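Trainee: In this note's numbering, the protein residues as written are 1 to 83.
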């Protein structure tokens with residue numbers, strides 16, 4: 001499964017989210033994370049500028065915004081697997 005981690009450089013919360021996501025990706029072999037800096041894309045800025053960090057599932061359009069922890073991420077992935 002691929003997820004996008006939407007954030008921006010210098011964002012402390014984005015760094016915390018990245019650590020959680022990386023830990024989960026290492027625990028789950030099938031999880032791929034693509035990090036997107038929304039500062040480089042107007043369409044991501046428009047939608048998520050005030051919500052980052054955000055995990056986004058490109059196949060379904062579902063997202064999960066901060067705050068989240070490892071258990072929240074596992075629940076999000078579980079729900080996506082049942083869509």
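We put the beta carbon where it would ideally sit given N, CA and C, even for glycine.
All of these numbers come straight from a predicted model, not from anything done at the bench.
If you draw a straight line from the alpha carbon of residue 70 to that of residue 13, how long is it in whole angstroms?
Mentor: Working through the chain shown from its first residue, we reach residue 70 at position 70. Working through the chain shown from its first residue, we reach residue 13 at position 13. If I take the Cα positions, the gap works out to 14 Å.
Trainee: Three-state secondary structure (DSSP) at residue 4?
Mentor: For this step, residue 4 is matched to residue 4 along the chain shown. Three-state DSSP puts residue 4 in a strand.
Trainee: What residues are listed by DSSP as bridge partners for residue 61?
Mentor: Position 61 of the chain shown holds residue 61. Beta-bridge pairing links residue 61 to no other residue.
Trainee: Starting from the Cα of residue 8, find the closest Cα among 72, 54 and 79 and give me that residue.
Mentor: Mapped onto the chain shown, residue 8 falls at position 8. Of 72, 54 and 79, the residue nearest in Cα terms is 54.
Trainee: Hey, could you find the ends of the beta strand (DSSP E) residue 83 is sitting in?
Mentor: The residue given as residue 83 occupies position 83 in the chain shown. Note, residue 83: premise wrong, no beta strand (DSSP E); not H, not E.
Trainee: Using DSSP bridges, identify the partner residues of residue 21.
Mentor: Against the chain shown, residue 21 aligns to sequence position 21. Residue 21 is not bridged to any residue.
Trainee: Determine the extent of the beta strand (DSSP E) in which residue 32 is found, giving its start and end residues.
Mentor: Residue 32 sits at position 32 when you count from the first residue of the chain shown. Residues 32-37.
Trainee: To which residues of the same chain is residue 72 closer than 8 Å at the C-beta, ignoring the five residues directly before and after it?
Mentor: Here residue 72 refers to the residue found at position 72 of the chain shown. Correct list, in chain order: 64.
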